[in-house]
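When we follow this note's numbering, the leftmost residue of the sequence shown carries the number 525, and every step to the right adds one.
Glycine included, each C-beta is placed from N, C-alpha and C at the ideal position.
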Amino acid sequence: MGEIGETRSRLPVEWDKTVLAIGRLKEKGLYEEPDRESRRGYYLGRPIIGRDTPINGGIYVGGGEREAIVVDDSDKGSPLQAVYLELLQMRTAAVKRGESFKGAILSDVFDLVQKRLPYNRQKEFEIERKVRPMPDQPISLDVYLREKGGVCRHQALLAAYLLERLGREGKVRGKVSIDRNFVGGRGGHAWVRYVNSAGMVFILDPANGLISELRNIDPSLQRFYERPKGFLSKLLGR
Numbered sequence: 525m526g527e528i529g530e531t532r533s534r535l536p537v538e539w540d541k542t543v544l545a546i547g548r549l550k551e552k553g554l555y556e557e558p559d560r561e562s563r564r565g566y567y568l569g570r571p572i573i574g575r576d577t578p579i580n581g582g583i584y585v586g587g588g589e590r591e592a593i594v595v596d597d598s599d600k601g602s603p604l605q606a607v608y609l610e611l612l613q614m615r616t617a618a619v620k621r622g623e624s625f626k627g628a629i630l631s632d633v634f635d636l637v638q639k640r641l642p643y644n645r646q647k648e649f650e651i652e653r654k655v656r657p658m659p660d661q662p663i664s665l666d667v668y669l670r671e672k673g674g675v676c677r678h679q680a681l682l683a684a685y686l687l688e689r690l691g692r693e694g695k696v697r698g699k700v701s702i703d704r705n706f707v708g709g710r711g712g713h714a715w716v717r718y719v720n721s722a723g724m725v726f727i728l729d730p731a732n733g734l735i736s737e738l739r740n741i742d743p744s745l746q747r748f749y750e751r752p753k754g755f756l757s758k759l760l761g762r
């Protein structure tokens, strides 16, 4: 789903499509039970990516049948590695200009995603025609990076991967998550939620050109990005 403006006053917003995805996998007998390493369980031996789960090494499964996106930078020639190195170069250059490494890190991640994986639904269709995936067939995020195009879920996964890796290497201390929901009549949407070390919540939604602290987003849109706790009560004015 691209633009979210039309959802401002609508009620049919369903959170956590990961639960729907897991339900589908269970029906097919393809779901592997969770453990300490993956609280969402596994699909094809990979941890399922969901809210507040690790990104790299995992697999992102749709609420409906489509491709299952693998995020894995372990291959030597992975474009994920190249994009991450480009991000480090950007921040190194910023430090040389007198900025702190973390100063504009979210903006640089956002801009880099727009540059290396622009929103392009037509490109997504072309990739699908080339690969002709069966429902829930794994496709690497690298494929979309090489083709330079994807939609909200691909962009969100790239942004989350970059922030997660920065954290794992000790360059930032925040927590990153892929959040998503479903709006009746509009479809699903995915974005990145990042909570920095001071507890400030930021939303990165490359598909909609939005990067902002959650509390500064227009209230009519803020409800879309808020998590379920208190979400319906606010929406219903209770």
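Cutoff 6 angstroms; reference residue i; Cβ partners in own chain excluding five residues on either side
i       : result
Leu-612 : none
Ser-562 : Pro-571
Ala-680 : Ile-702, Ala-714, Trp-715, Val-716
Euclidean distance between Cα positions of residue i and residue j
i       : j       : result
Gln-661 : Met-724 : 37 angstroms
Ala-545 : Ile-579 : 16 angstroms
Val-633 : Gln-605 : 14 angstroms
Ile-842 : Ile-573 : Nothing in the structure corresponds to residue 842, since the chain is present only between 525 and 762.
Tyr-749 : Ala-618 : 30 angstroms
Gly-547 : Gly-569 : 17 angstroms
Lys-654 : Lys-672 : 15 angstroms
Ser-624 : Tyr-608 : 18 angstroms
Gly-711 : Arg-560 : 32 angstroms
Ile-629 : Pro-659 : 36 angstroms
Lys-600 : Arg-739 : 40 angstroms
Arg-763 : Arg-656 : An answer regarding residue 763 cannot be provided, because it is not within the stretch 525 to 762 covered by the chain.
Asn-720 : Val-543 : 26 angstroms
Gly-587 : Gln-746 : 23 angstroms
Ala-722 : Gly-622 : 23 angstroms
Val-585 : Glu-652 : 16 angstroms
Leu-760 : Tyr-718 : Legend: pLDDT at Leu-760 = 42, less than 50; position of this residue unreliable, value from coordinates given subsequently. Computed Cα separation, rounded: 26 angstroms.
Ser-598 : Arg-704 : 26 angstroms
Gly-627 : Tyr-643 : 26 angstroms
Buried or exposed by the 16-neighbour rule on C-beta atoms within 10 Å, applied to residue i
i       : result
Thr-616 : exposed
Phe-649 : exposed
Ala-714 : buried
Arg-697 : exposed
Leu-682 : buried
Leu-690 : buried
Glu-530 : Interpretation of Glu-530 is limited by its pLDDT of 45, a score under 50 that renders its predicted location unreliable; the figure taken from the coordinates is listed afterwards. Counting Cβ neighbours within 10 Å, Glu-530 comes out exposed, since fewer than 16 surround it.
Arg-692 : exposed
Contacting residues, own chain, Cβ-Cβ under 8 angstroms from residue i (five flanking each side not counted)
i       : result
Glu-688 : Pro-578, Ile-579, Asn-580, Val-700
His-678 : Ile-593, Leu-641, Glu-648, Leu-665, Tyr-668
Ile-741 : Ile-727, Leu-734, Tyr-749
Tyr-555 : Ile-546, Leu-549, Gly-565, Tyr-566, Tyr-567
Leu-636 : Val-607, Glu-610, Leu-611, Met-614, Leu-686
Ser-631 : Ile-735
Gly-553 : none
Nearest-angstrom Cβ-Cβ length linking residue i and residue j, presumed shorter than 8 angstroms
i       : j       : result
Ala-684 : Ile-702 : 5 angstroms
Asp-576 : Ser-664 : Wrong, their Cβ atoms sit about 23 angstroms apart, outside the cutoff.
Leu-728 : Val-716 : 4 angstroms
Lys-541 : Phe-706 : 6 angstroms
Residues near residue i by beta carbon distance below 7 angstroms, same chain, minus five either side
i       : result
Arg-645 : Val-675
Glu-557 : Gly-565
Gly-754 : Low confidence applies to Gly-754: its pLDDT is 45, below 50, so where it sits in the model is not reliable enough to give any reading.
Gln-638 : Pro-730
Arg-670 : Pro-603
Lys-695 : Phe-625
Any non-hydrogen atom of the ligand FMN closer than 6 angstroms to residue i Cβ
i       : result
Ser-624 : Inclusion of the ligand FMN in the displayed structure is not the case, the ligand content being empty and no account of it being possible.
Item to check | Segments of 4+ residues assigned as alpha helix (DSSP H) that fall wholly inside the segment 574-657 | outcome: 603-620, 629-640, 645-655
Item to check | Complete runs of the beta strand (DSSP E) confined to the segment 675-719 [at least 3 residues] | outcome: With a minimum length of 3 residues, the continuous beta strand (DSSP E) runs that stay inside the segment 675-719 are 699-707, 711-719.
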